[in-house]
Amino acid sequence: MTSARDWGRPWGPDPAGGWSGWLGRAHLWFTGRVGGVSAPPFATLNLSRHVRDLPAAVAENRRRAASRGAPTADAVWGRLIHGANVAWLGPDAATGPGPVADGLLTAEPGLTIAMTFADCVPIWLASRVAPVGGLLHAGWRGTVRGMARAGVEAVLARGVPPESVDAVIGPSIGPCCYEVGPEVVDAVASLDLGPGLVDARRHLDLWETNRRLLHRAGVPEERILVTGLCTACHPEWFFSHRREGGRTGRNGGFFRMDPA
Ligand SMILES: [Zn+2]
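No gaps in the numbering here: position 148 of the sequence shown is 132 in my numbering, and each next residue is one more.
1. From the DSSP secondary-structure annotation, give me the bridge partner or partners of N235.
2. Note down, in chain order, each residue of its chain lying with its Cβ closer than 7 Å to the Cβ of S224, except the 5 sequence neighbours on either side.
3. For a quick check, are the C-beta atoms of F238 and A59 less than 8 Å apart?
4. Tell whether a beta-carbon distance below 8 Å holds between A110 and L213.
5. Whole angstroms is fine: what's the gap from E147's alpha carbon to G135's?
6. Answer with buried or exposed for R186, where buried requires no fewer than 16 other C-beta atoms within 10 angstroms of its C-beta.
7. With DSSP collapsed to three states, give me the class of L150.
8. Can you tell me where the alpha helix (DSSP H) with V84 in it begins and where it stops?
9. By Cβ distance below 8 Å, which residues in the same chain neighbour S22 in space, the five residues on each side in sequence not counted?
10. What does T15 pair with, by DSSP beta-bridge criteria?
11. Can you tell me whether W3 is buried or exposed, with buried defined as 16 or more other CB within 10 angstroms of its CB?
12. Less than 7 Å separating the Cβ of A216 from some heavy atom of ligand 1?
13. Going by DSSP in three states, G230 sits in which element: helix, strand or coil?
Have a look at this one:
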């Protein structure tokens, strides 16, 4: 069986073009900015239709990402609002724009979940004993609103044991680059997760915050993988909302379970 430790194998002709990995039978992908056709400030592999990029360029970028393995074509795309709502996708879920929710989960092998990111934290969840899992989107708002906990609780409500759940915290803005205001510091402090989440420069560690939230919701510590890839530190690989001052493209996160 493959595990979260397989995360990080490059796919496609350009190793900087994206990452993929497996959690049991769940396949995870993350695409960056390399290998597309969009012009600045969306250069080049922008996958979002909601950042004023040319629709034809986004369509070509999605086609190119699909040709390298990321399942853009038949995906259900989360409509993200920085909340903590979870939506379940059943066998009748239509591809294209999906429910308005920052957490999309499914028990359907073959169904593809997609979301776009540019610093916010992607969190993949998957059980090793049942086909249950999905993808969460957590910036600081989603983090303090409890996206990670809501996602884990929804998975556990399907009857899978907590010790069977794996989680991956994917490429997103790291504590190296994420200076926040006092209101964010206060909101994180209200989670009561212990010290060490904000440093003296007021840099917030969203990875560790979400790691502790996942663990508190029931995921064993040894089953949580933090990839440690900072989107702001790697302009050659990733779009970063913070680094680019808000005008930039979007990275892509994907989840799909293989049939048994
Ligand atoms: Zn960084």
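Each residue gets a CB set at the ideal place from its N, CA and C atoms; glycine is no exception.
Walking through what the data contain:
1. F101
2. A102, D103, I157, T215, A216 and T232
3. yes
4. no
5. 15 Å
6. exposed
7. Reading off the sequence shown, one finds Asp at residue 150, where the question assumed Leu. D150 falls in the strand class under three-state DSSP.
8. Where V84 is concerned, there is no enclosing alpha helix (DSSP H), although the beta strand (DSSP E) it sits in stretches over G80 to V84.
9. T28, L29, N30, D37, L38, A41, V42, N45 and G233
10. G2 and G236
11. buried
12. yes
13. coil
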